[in-house]
Structures are given as C-alpha cells and as structure tokens.
Amino acid sequence: MKIEKVNRIKYLGVMVNSKNNNNDHVDSTIKSTIISFYTTNNLSITNMQMKTRIKVMHFKTLCRPKLSYGCEPLKINSSHNGII
C-alpha cells in the first residue's frame, strides 16, 4: 500500500502543512470567520437601529469562537496579528 504525500491537511479543525508553520491555518481561520460574519448579515446584524449590545453578542457567540478555535498553541506573527 502506498501512502500519498500531501502538502497540507486539515486535522481536528487545524491546518497542518509540510513546512510546519501556521500560515495556512491562520489564513483559513480568518477566511472562515469572515465568511460566517457575512453569511449572518441576512439576520440584519448590520442594521443601524440594532443595539450595539446585540451586535457584540453576535460577534462573541458566532464569530469569535470560530476565530479562536485551535489558535492557543500557535505562534502568530505580526502580519496575522494585525488582521485578527
């Protein structure tokens, strides 16, 4: 049986690449968070009449967990820190 060599793989929600750096995981996490934020725009989250407290609750319950999952052991460089 031959094992296929791949450059990157997603394991338990974390992107692991052959160079053993975090760039792929951080980039995919940021992209996933942006997609989930704009997907929920249909819920009128960006409505100006909606209270700030509700908008903050939306971010804390739907976006922040997606952004922070698997980031604890990562070494994040300054370019990713500015984006996050």
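According to our numbering, the sequence shown holds residues 229 to 312 in order.
Quick reminder that beta carbons are idealized off the backbone N, C-alpha and C, glycines included.
In the DSSP assignment, VAL244 forms a beta bridge with ILE237. Each residue's CA atom was taken as its position, placing VAL244 and PHE287 some 27 Å apart. Burial check for VAL234: the Cβ neighbour count within 10 Å stays below 16, so the residue is exposed.
The criterion of a C-beta distance shorter than 7 Å is not satisfied by THR268 and LYS294. For MET276, there are no CB contacts under 7 Å within the same chain when 5 residues up- and downstream are skipped.
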